[in-house]
Amino acid sequence: MATTAAAFQSLAELAHREYQAGDYENAERHCMQLWRQDPSNTGVLLLLSSIHFQCRRLDKSANFSTLAIKQNPLLAEAYSNLGNVYKERGQLSDALENYRHAVRLKPDFIDGYINLAAALVAAGDMEQAVQAYVSALQYNPDLYCVRSDLGNLLKALGRLDEAKACYLKAIETCPTFAVAWSNLGCVFNAQGEIWLAIHHFEKAVALDPNFLDAYINLGNVLKEARIFDRAVAAYLRALNLSPNNAVVHGNLACVYYEQGLIDLAVDTYRRAIDLQPNFPDAYCNLANALKEKSQVTEAEDCYQTALRLCPTHADSLNNLANIKREQGFVEEATRLYLKALEVFPEFAAAHSNLASVLQQQGKLAEALLHYREAIRISPTFADAYSNMGNTLKEMGDVQGALQCYSRAIQINPAFADAHSNLASIHKDSGNIPEAIASYRTALKLKPEFPDAYCNLAHCLQIVCDWTDYEGRMKKLVAIVAEQLEKNRLPSVHPHHSMLYPLSHEFRKAIAARHANLCLEKIQVLHRAPYQHPRQRQGRLRIGYVSSDFGNHPTSHLMQSVPGFHDKTRVEVFCYALSPDDGTSFRSKIATESEHFIDLSQIPCNGKAADRIHADGIHILVNMNGYTKGARNEIFALRPAPVQAMWLGYPGTSGAPFMDYLVTDRITSPPHLTSQYSEKLAYMPHTFFVGDHRNMFPHLMERAIIESRESRLKGNGEVPDNVSIVNATDLSPIIDKTEVKKIREVAAAEQGERVEVVKTVIELPTTVQAMISSGQVQAQVNGVLVHNGLASTQVNTRAATGEEAPRAILVTCRQQYGLPEDAVVYCNFNQLYKLDPATLRMWVNILQRVPNSVLWLLRFPAVGEAHVQAWAQAEGLTQPGRIIFSNVAAKEEHVRRGQLADVCLDTPLCNGHTTGMDVLWAGTPVVTWPGETLASRVAASQLHCLGVPELVARSRREYQDIAVRLGTDRDYLKAIRAKVWAARMESPLFNVRTYTSNLENLFLKMWANYEENKPLDHIME
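Read left to right, the sequence shown gives residues 1 to 1020 (the UniProt record's numbering).
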C-alpha cells in the first residue's frame, strides 16, 4: 500500500513537471492515470482543469473545476480556475464572482487576487483592481512581477508617481528585472524626463538583450529626443529580434524622414505596408514623405488609402486638408479639417491648420478662436502661438502678436519661423536693430529660409548696412528666381522689389503672385460676377479707395482733388479703408467728397465690394496697391466696370483685375509698357500732384535776413538760404523793418537769362539770441517772431500741415548745424532709398566741390553710423562733410528745405512726396531716371516744373550737374530762381488744373468701356 502511494505521488510530481514545462499532452496522460486511480483527488482535478485551460479546452477545464468543488466546496483554487474559464469566455461577472469567492475562502490566496485584478481591469474597474494587487502584495511584498503589474495599472490611471514607486520597489527586490526598468522608463518619458527614460530603457536591454518592447520604447524616446542615429540603432536591434514587425519598420521610417533621408523613409514605409497592408499610419506617413519629394498626386492617393482603411484617421484627414489648401481648394480643406476635428475634437494641429485657412479667408476672429483652442489642448504648441501671432498682427494687435511670438520662442528656442515673425514685428515697429538680430537668429537656426533672408536684406537696406552688398543682392535675386520658377509666393514684397537689381519681368511676376493671392481669397466666396451696364445714367461716378485718408503723404498730396472735381460731370465717392484719425486731412476729404464711406467698419471684403457696386461706381481707383492697409481683394471682386491704379503705389499691380495705371509719358514711357500688367493712361504733364499751395501758403514768399553784425560776402551777395523769414503775410515784419529789394540777372542754360529777385531785411541781435538760446519767440520792433525750430511747440496743427502757420517763422542754417558759407547738398528721403552706388556718387560730388556738405536725415537714426563709415571708407575723411538732422514734423520738414542749395535725388527710388516738398521750398533737385516707375517720378516732376536741365542721362552727367551747381554760383542762382518762380507758374502744384486733367482721363476710360473698345493704352 505504501508502495502504491509513493508511486501515485511520484507520477503526480511528474505530471506537474510536465505541466510546468508546457508538455501538456504527457501531463494530461499521466493525470488521467492518476484520476482513474483516485477520482476524488482534488489536486489531480485542479491540474487537469489547468491543463485543459492551457489547451483552450474550456468546457473540460470547467468540468474538472466543478468536480473538484464537488469534492471540496471550500477549495479556493478550483473557484479561481473556474473564474479563469469564465473570464476567457468574456463572462466577466461570473468570473469576478468566482475570483471573489476564492479569496473569501482563502484570504491569503495570492494567485486569486492576481486573477481578480486582471478581471477587474477587463471590466474597467481600475480602482478595485488596484486594491486586489495591493492585497496580493500584503501577503508577499517581494512579488516584484505583481508590483510591476500594479505599477502598470497606476500608470494607466495617470498616477505616475505611485507607479514609479512600484517599479522602483520591484527593482529593489529584483535588480535584474528588465521589465520594471523598461516600465520605469515609460513613466519618466511620460513625465518629460527624457534622459532618465533613455537610461532606464538602455538598462532594460542591457539586462535582457532580447527584450523587444524595451528596444522599441528606447527607439521611440530617442526619436522624440531627435537623437536619430541612436534611435535607428534601437529600431534595427528590434528588427533583428522581430524582422517582420510592421510597426517598428514604420517607426524606423519616421526617423529616416526626420533625418532628411526621404528615399530611405519611403522604402521603409513601403516595407511596413507590405508586412501589414491594413496599416493606415504607414500609408499616412508614406504620404508625408512622398509630399516632401513633391510627389503630391501619389501622396494624395496614400492619404486616401489610409482613409479607406480607417475613415476616421484624423492625421490623414488633416494632412490631406493641407494638400488641398496648398492647391487652393480652401473649401475642401476646411471640410477635411472640420471632419478631423469631428473625429478627434482635441486635435490641436487640426485646430491650428483650420485657423490658418480661416485667416487666409480673412476670417480673423474665427481663426483666433481655433488657435486658442489649439493652445488650450496643447499649451506647448509653439506653431500655434506663432501663427496666432500672425493673426493678431493682421488684426493690428502688435503687442498681442509680440507676446505670442515670444511665447513660441520660449517653448522652442530653435523655432526659426517664430524668430522670423518676431523680427517682422520689430521691423514694422521701426525697431530695426532688434529685427536684424532676430532674422539672423532665424537664419542661424534655418540657413535656407528665404523669407528671413529677404527680410533681413530689407532691414540692412533700411539702415545702409552694405556689408557684402553685391553678394547679398546676388543671393536675393537667385531666391526670387527659384521661387518664381516653382510658382511660389516670392519672399520679396512687391513694394520692395524696386530696391533690388531684379528684372522688369521679375518685378511684374512678384506683383502678379500677390494679385493671385487676392484672387484665391475671393474664390472661396463663390460669388457670381457683378453685372455692369455699358451705358451710364447721369454723371460719371468715381470711387477713390485708400487706407491713407488722414495724416499720410498721400493725403498731403491729393486732399484737395475731391473738392476740385467738376460736380456737373462727375460724382465723387471716397472709400476709406482706415478709421478716422481726427485730422483735418481726413475731414477735408470727407467734407469735400459728395459721398464718404468708411469701409473700415465693413471688414468683410465681399460686403465692402457689394457697397461699392450698389453705389453704381463707374471707375474705381486703387490708391494703395501693395502698401500697408490695402484691401486688393475688393478690387479682385470687380465691383466696378473700370478699375485704375493711381498715385499711392509706385509700380504695377500685376493684377488682371486692374485695367489702367494713371501715369505720364516721362514716368512710364511707351518703350517700357512691358513693365506693367495694366494699360497706361497718361496725364498731360505729370501723374504726380502736390497740395503744397494749400498746405504751405507761407512758403510762397520769403524774406532773407541780413543781421547788422554780419557783413556781406566778399562778392557782395546776400545768400537766399542761410537765414530766412516765412509767413502767410510778411507785411507786419516788413512794414517795421528796413527792407531792400535786390534784383539781378543770372545765366542759365543756353544763354537763358533769369531774373533773380530777393527781399532782404535786417533784424536786430534779439533774433540771433533767440536762435542761439533756443527760445520759442522774440519781439522785433513790436512784432512777434517765432523760432522755426521750436514752432511745433506752439501749434501742433500747423506743425503737421493741417493748417497754415499764423506765426512769422525764422529758419536758419545755424538751427541745424549747417555751415553758413558752405554749399549744402541735401536729401530728405528715408535711407533705404540709398545704395552704395548712390553714396559713391555723392562722395565724388563732395570731393569735387570744395567747401560743400551733404545734409541727410536720421531716417532711421541707426543708419547714420553706417553712412558715415561707408563714406569715410570711400575717402571722405574730413569730419563734418555729412551732417544728419532728426526727422521733423511735416511743416518744418518742408520749410527747412529752403536752407539747402541743391537736393541730390536717389536714383534707385526717387523722392516722390519728398521731391515735391523740396521743390516747393524752391530748392532744385538733380535726378537720374532709371527704368522703373519709382526711379522716374522726379524726372516727371522736373519736366512739369520746366527745369529738364536737372534731369541727367547718365551717372556721370548726374554728378556733373550737381558739381556745376555747387561751383558755378551764377548758374546755381539762375536755377534756384527758375524753380522758385515755376512753383507758381507751372502745373506741378496746380491741383485744380490737375484734377480737371485727371477727370478728362477718367472720362476717356469710360468712353472706351462704353463703346466696348478693346482695353488699350490712353496716351493722347
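Each residue gets a CB set at the ideal place from its N, CA and C atoms; glycine is no exception.
Compute the Euclidean distance between the alpha carbons of Lys741 and Val824, then round it to the nearest angstrom. In a straight line, the C-alpha of Lys741 is about 25 Å away from that of Val824.
Next item on the list: Look up Lys736 in the DSSP assignment and say whether it is helix, strand or coil.
Entry: For Lys736, the three-state secondary structure derived from DSSP is coil.
Helix, strand or coil: which one does DSSP assign to Cys284? Helix, per DSSP.
For this session: Decide if Gln779 is buried, meaning its Cβ has at least 16 other Cβ atoms within 10 Å, or exposed.
Result: Flag for Gln779 reads exposed.
Item to complete: Give a yes or no on whether the C-beta atoms belonging to Ala746 and Asp970 are separated by under 8 Å.
Response: Result yes, Cβ atoms of Ala746 and Asp970 sit closer than 8 Å.
Check your understanding: Excluding five sequence neighbours on each side, which residues of the same chain lie with their C-beta closer than 6 Å to the C-beta of Arg711?
Key -> Only weak support is given to the placement of Arg711: the predicted model assigns it a pLDDT of 49, under 50, and the question is left unresolved by the model.
message = My output table needs one value for His786: the three-state DSSP class, helix, strand or coil.
response = In the structure shown, His786 sits in a strand (DSSP, three-state: E or B).
Considering only the alpha carbon of each residue, which of Thr932, Pro73 and Ser378 lies closest to Pro494? Checking every option, the nearest Cα to that of Pro494 belongs to Thr932.
Q: Mark Met683 as exposed unless 16 or more other C-beta atoms lie within 10 angstroms of its C-beta, in which case mark it buried.
A: With 16 or more other Cβ atoms within 10 Å, it is buried.
Given Asp397 as reference, the closest of Gly930, Leu364 and His370 once Cα atoms are compared: When each option's Cα is compared against that of Asp397, the closest is Leu364.
Span separating the alpha-carbon of His200 from that of Glu342: Each residue's CA atom was taken as its position, placing His200 and Glu342 some 38 Å apart.
Please name the residue in Gln360, Ala408 and Lys393 whose C-alpha comes closest to that of Pro379. Sorting Gln360, Ala408 and Lys393 by C-alpha distance to the C-alpha of Pro379 places Ala408 at the top.
*Let me know the secondary structure DSSP gives Leu680 once reduced to three states.*
Under the three-state reduction of DSSP, Leu680 is assigned to strand.
Exercise. Using three-state DSSP, classify Tyr500 as helix, strand or coil.
Key: If DSSP states are grouped into helix, strand and coil, Tyr500 belongs with coil.
Tyr337 versus Leu307: straight-line alpha-carbon distance, rounded
Going from the Cα of Tyr337 to the Cα of Leu307 covers about 14 Å.
- prompt: If you drop the 5 nearest sequence neighbours on each side, which residues of the same chain put their C-beta closer than 6 Å to that of Arg693?
  reply: Spatial neighbours of Arg693 in its own chain (CB-CB distance under 6 Å, excluding positions within 5 residues in sequence) are listed in chain order as Phe989.
message = If the criterion is Cβ atoms closer than 8 Å, does the pair Ser242 and Asp213 meet it?
response = Cβ distance not < 8 Å, so Ser242 and Asp213 don't count as in contact.
*Neighbourhood of Asn886 by C-beta, 7 Å cutoff - its chain only, sequence neighbours within 5 removed*: Correct list, in chain order: Arg858.
Margin query: Let me check one thing: in DSSP terms, what residues is Cys574 bridge-paired to?
Written below: DSSP output for Cys574 lists Tyr544 and Phe596 as bridge partner(s).
Q. Once you ignore the five residues that flank Asn115 on each side, which residues in its own chain have a CB closer than 7 Å to its CB?
A. Counting only Cβ-Cβ distances below 7 Å, and skipping sequence neighbours, we find Ser80, Gly83, Asn84 and Tyr99.
May I have the straight-line CA-CA distance separating Cys174 from Gly158, to the nearest angstrom? So the alpha carbons of these two residues sit roughly 25 Å apart.
ask   = Would you say residue 1021 and Tyr269 are within 8 Å of each other, going by their C-beta atoms?
value = Because the chain in this structure spans residues 1 to 1020, residue 1021 falls outside the shown range and cannot be described.
ask   = In terms of residue numbering, what span does the alpha helix (DSSP H) encompassing Met841 cover?
value = Met841 -> alpha helix (DSSP H) spans Pro836 to Arg848.
>> Among Glu594, Lys833 and His1017, whose alpha-carbon lies nearest the alpha-carbon of Ser674?
In response: When only C-alpha atoms are compared, the closest one is His1017.
**Request:** Consult DSSP for Ala644 and reduce its assignment to one of helix, strand or coil.
**Result:** In the structure shown, the three-state DSSP call for Ala644 is strand.
Cα separation between Ser578 and Asn624? As the crow flies, the alpha-carbon of Ser578 is around 12 Å from that of Asn624.
Any idea what DSSP makes of Ser491, helix, strand or coil? If DSSP states are grouped into helix, strand and coil, Ser491 belongs with coil.
Whole angstroms are fine: how far does the CA of Gly788 sit from the CA of Gly782? Counting only the Cα atoms, Gly788 lies some 18 Å from Gly782.
Going along the chain, which residues of its own chain have a beta-carbon closer than 7 Å to the beta-carbon of Ile262, five neighbours each way excluded?
The beta carbon of Ile262 is closer than 7 Å to those of Ala289, Glu292 and Lys293 in its chain, skipping five residues each way along the sequence.
### Query
Could you check where the alpha helix (DSSP H) with Cys302 kicks off and where it finishes?
For Cys302, the enclosing alpha helix (DSSP H) stretches over residues Val296 to Leu309.
- Expressed to the nearest angstrom, what Euclidean distance is found between the alpha-carbon atoms of Leu599 and Asp610? If I take the Cα positions, the gap works out to 11 Å.
query = With respect to the beta strand (DSSP E) encompassing Ala778, which residues constitute its N-terminal and C-terminal limits?
reply = For Ala778, the enclosing beta strand (DSSP E) has its first and last residue at Gln777 to Val780.
Exercise for the section: Find out if the Cβ-Cβ distance for the pair Leu818, His786 is shorter than 8 Å. Expected result: Going by C-beta atoms, Leu818 is not nearer than 8 Å to His786.
- Message: Suppose contacts are defined by Cβ-Cβ distances below 8 Å. Is Val843 in contact with Ala822 by that definition?
- Response: At least 8 Å separates the beta-carbon of Val843 from that of Ala822.
**Item:** For Arg976, the three-state DSSP class (helix, strand or coil)
**Value:** If DSSP states are grouped into helix, strand and coil, Arg976 belongs with the helices.
Using a 10 Å radius around the Cβ and a threshold of 16 neighbouring Cβ atoms, would you call Val776 buried or exposed? Exposed, by the Cβ-count rule.
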